[in-house]
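J.: Note that full-length UniProt numbering numbers the sequence shown so that position 152 is 152, with each residue one more than the last. Submitted below is the structure of interest, expressed as structure tokens.
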Amino acid sequence: MPASATSAASIRQPVVAGRFYPADPAALARETAAYLAESGAPSDKPTLLVMAPHAGAVYSGPVAGKTLGAANLADTLLLLGPNHTGRGARLAVWPDGAWRIPGWDVPVEAALAEALLAAAPGLSPDRAAHLGEHSLEVLLPFLTAVRPGCRVVPVAVAESRPGVLAETAQAMAEVLAAWSRPVSIIVSSDMSHYLPEAAAKKRDCLALARVLALDPQGLLDVVRREDISMCGVLPMTLGLLIARALGATSARLAAYATSGEVSGDFDQVVGYAGVIVEN
1 MPASATSAAS IRQPVVAGRF YPADPAALAR ETAAYLAESG APSDKPTLLV MAPHAGAVYS
61 GPVAGKTLGA ANLADTLLLL GPNHTGRGAR LAVWPDGAWR IPGWDVPVEA ALAEALLAAA
121 PGLSPDRAAH LGEHSLEVLL PFLTAVRPGC RVVPVAVAES RPGVLAETAQ AMAEVLAAWS
181 RPVSIIVSSD MSHYLPEAAA KKRDCLALAR VLALDPQGLL DVVRREDISM CGVLPMTLGL
241 LIARALGATS ARLAAYATSG EVSGDFDQVV GYAGVIVEN
């Protein structure tokens, strides 16, 4: 919806506009459209889950655009991102209102947020975890471009206990399965951080093999065992658990790149991957 259509008290203000992506609405729309234009045609099959990166657009925008442009998303989106700041609850739901990006307010699907909070004791209504966190914000320009009428439920995930993640995922999946409208899950994650490119690619391949196998516990295990600095491993573990409970059958790698391809510095790169999961 156009900006200012929701009361200011419930609007989550952008924190990285002008740094990670343009602060000018027209420039942001042009840049986002250019990244999305690099994707192929959207899938005919509904997309259950997407993983996309969240760095500055100049670095991760091409992968995010290729991935989200090729997805066939629902208009209701469950957003799962990491908590880089350490603030707030371990499983923090922004419960209502809207999230603002330049020129646009993305409404929160408050009824779904309420249903998820009621069903999953591990979830908490918590804004603090989101206020300084960029990982979900930077995907919103892409999501509003491909689904202008989308509504979202943002969740910051810092819970690392496998049992809690599994219990929460099962409860969330039951709500989504019974929901009156389709819901797609969007996971925000970068891959390896600040390694030589060859080392980053090697580690990222190990993690992505478990993602593509729809193996959430395997993903968590390999990231811990191989010390892979995948910042969104916890939201992706939760997302895969939900997707499996909803009957996910296949996953494909939509795009992969490193920051070195833009910066020219191949000694300390960050990896970016895009994954699409379908039933």
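Glycine included, each C-beta is placed from N, C-alpha and C at the ideal position.
Have a look at G40 and N72 and give me their C-alpha separation to the nearest angstrom.
T.: Start at 1 with the first residue of the sequence shown, and residue 40 comes out as number 40. Start at 1 with the first residue of the sequence shown, and residue 72 comes out as number 72. Rounded to whole angstroms, G40 to N72 spans 11 Å at the Cα level.
J.: Between L117, K66, R127, which has its C-alpha nearest A89's C-alpha?
T.: Residue numbering aside, residue 89 sits at position 89 when the sequence shown is read from its first letter. Checking every option, the nearest Cα to that of A89 belongs to R127.
J.: Quick check on the DSSP output: the alpha helix (DSSP H) that includes A177 runs from which residue to which?
T.: Position 177 of the sequence shown holds residue 177. Element bounds for A177: 162-178.
J.: Under the rule that 16 or more other beta-carbon atoms within 10 Å means buried, what is V58, buried or exposed?
T.: On the sequence shown, position 58 is the one that residue 58 refers to. It counts as exposed.
J.: In the structure shown, what three-state DSSP assignment does L253 receive?
T.: As a first step, residue 253 must be located in the sequence shown, where it is residue number 253. Of the three classes helix, strand and coil, the one that applies to L253 here is strand, per DSSP.
J.: From the DSSP secondary-structure annotation, give me the bridge partner or partners of T85.
T.: Here the question's residue 85 lines up with position 85 in the sequence shown. In the DSSP output, where bridge partners are listed per residue, T85 has none listed.
J.: Restricting to runs no shorter than 4 residues, where is the alpha helix (DSSP H) found entirely within the region 27-100?
T.: DSSP runs (the alpha helix (DSSP H)) wholly in the region 27-100: 57-70.
J.: Exposed or buried, what is S4 when buried is set at 16 or more other beta-carbons lying within 10 Å of its beta-carbon?
T.: Against the sequence shown, residue 4 aligns to sequence position 4. With a pLDDT of 49 at S4, under the threshold of 50, the predicted position of this residue should be treated as unreliable, though the coordinate-derived value follows. The residue is exposed, with fewer than 16 neighbouring Cβ atoms inside 10 Å.
J.: Taking the alpha carbon of L78 as the point to measure from, which residue in A207, P148, L48 has its own alpha carbon closest?
T.: If you number the sequence shown from 1, residue 78 lands on position 78. With distances taken between Cα atoms, L78 lies closest to L48.
J.: How about G232 and P82: are their beta carbons less than 7 Å apart?
T.: Within the sequence shown, numbered from 1, the residue matching residue 232 stands at position 232. Within the sequence shown, numbered from 1, the residue matching residue 82 stands at position 82. Yes. Within cutoff.
J.: If we count the other Cβ atoms within 10 Å of its Cβ and call it buried at 16 or more, is P235 buried or exposed?
T.: Here residue 235 is taken as the residue at index 235 of the sequence shown, counted from 1. Buried, because 16 or more other Cβ atoms sit within 10 Å of the Cβ of P235.
J.: In the DSSP assignment, the alpha helix (DSSP H) including S229 goes from what residue to what residue?
T.: By 1-based counting over the sequence shown, the position of residue 229 is 229. Where S229 is concerned, there is no enclosing alpha helix (DSSP H), given that its DSSP letter is neither H nor E.
J.: What residue does the alpha helix (DSSP H) around A199 start on, and which one ends it?
T.: To locate residue 199, count along the sequence shown from 1; it is residue 199. Element bounds for A199: 197-212.
J.: Suppose you measure from the CA of L220 to the CA of T237; what does that come to, to the nearest Å?
T.: In the sequence shown, counting from the first residue as 1, residue 220 sits at position 220. In the sequence shown, counting from the first residue as 1, residue 237 sits at position 237. Rounded to the nearest angstrom, the two C-alpha atoms are 7 Å apart.
J.: Taking C-beta to C-beta, are A178 and A129 nearer than 7 Å?
T.: For this step, residue 178 is matched to residue 178 along the sequence shown. For this step, residue 129 is matched to residue 129 along the sequence shown. The answer is no: Cβ separation not under 7 Å.
J.: Might you give, ordered along the chain, the residues of its own chain that have their beta carbon closer than 7 Å to the beta carbon of P125, omitting 5 neighbours on each side?
T.: The residue given as residue 125 occupies position 125 in the sequence shown. Correct list, in chain order: V93, P95, L117.
J.: Which of the three DSSP states, helix, strand or coil, is assigned to V262?
T.: Working through the sequence shown from its first residue, we reach residue 262 at position 262. V262: helix per DSSP, three-state reduction.
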